[in-house]
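Q:
In my numbering, the protein residues as written are 222 to 414.
1) Taking C-beta to C-beta, are residue 180 and residue 253 nearer than 8 angstroms?
2) Just to confirm the assignment, what range does the alpha helix (DSSP H) spanning residue 318 have?
3) Roughly how many angstroms lie between the CA atoms of residue 429 and residue 230, to the nearest whole one?
4) Does DSSP classify residue 226 as helix, strand or coil?
5) Tell me which same chain residues have a C-beta within less than 8 angstroms of the C-beta of residue 294, skipping the five on either side of it?
6) Can you find at least 3 beta carbon pairs, one from the region 266-280 and one from the region 227-243, that sit closer than 8 angstroms?
7) By the DSSP assignment, the beta strand (DSSP E) with residue 287 in it spans what residues?
8) Give me the Cα-Cα distance between residue 232 and residue 223, rounded to the nearest whole angstrom.
9) Which whole-angstrom value describes the C-beta separation of residue 286 and residue 296, a residue pair presumed to lie in contact below a C-beta threshold of 8 angstroms?
10) Pull up the distance between the alpha-carbon of residue 320 and that of residue 291, whole angstroms please.
11) Quick one: what does DSSP say residue 296 is sitting in, helix, strand or coil?
12) For residue 322, is the classification buried or exposed, using 16 other Cβ atoms within 10 angstroms of its Cβ as the cut-off for buried?
13) Roughly how many angstroms lie between the CA atoms of residue 308 and residue 269, to the nearest whole one?
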């Protein structure tokens, strides 16, 4: 799996790490039972403070995606069924994102199309597109891709560079796409009464 961190982004580094790992799990690049790299190794490879990586791992733990034990480290745990609390959180996030899109002038059909596009990029838990063993590769906005460990592999066993995550995720990626479309579509008719 590749992780792309953008040091100039307004999104904090710990959130970027969290989001990239969540994306890797959703795409099947990291699977249930895979061990994540130790905090210090990730921090050293990215040249960031270990507390930043720890904060990302803590968020993953709070999300119920990772379990950490002293002897075995952090392991991915994907639940079979979402809890009521997780459903409520999803609904809240979708409501917030859809509201922002509507304010920016997107129609219901455009919002549905964007959601369908995002869903097409991910894998529903249980199916897999690649092997990774939870190990992480780094891409840098400044220096380009650098391999940290074994990552996603193609059928031939060679590194699969097509799995590079080079955009932000979640609300941030969706909102960046919306902003781009809004600025490109200046000829859009005014919807005010």
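The C-beta atom is built at its ideal place from N, Cα and C for all residues, glycine as well.
A: By the coordinates alone:
1) Summary: the structure shown does not reach residue 180, with the chain confined to residues 222 through 414, and so no result is reported for it.
2) 305-324
3) Residue 429 lies beyond the range of the chain shown here (222 to 414); nothing can be said about it.
4) strand
5) 256, 257 and 259
6) yes
7) 287-290
8) 18 angstroms
9) Incorrect: roughly 10 angstroms between the Cβ atoms, too far for contact.
10) 42 angstroms
11) strand
12) buried
13) 33 angstroms
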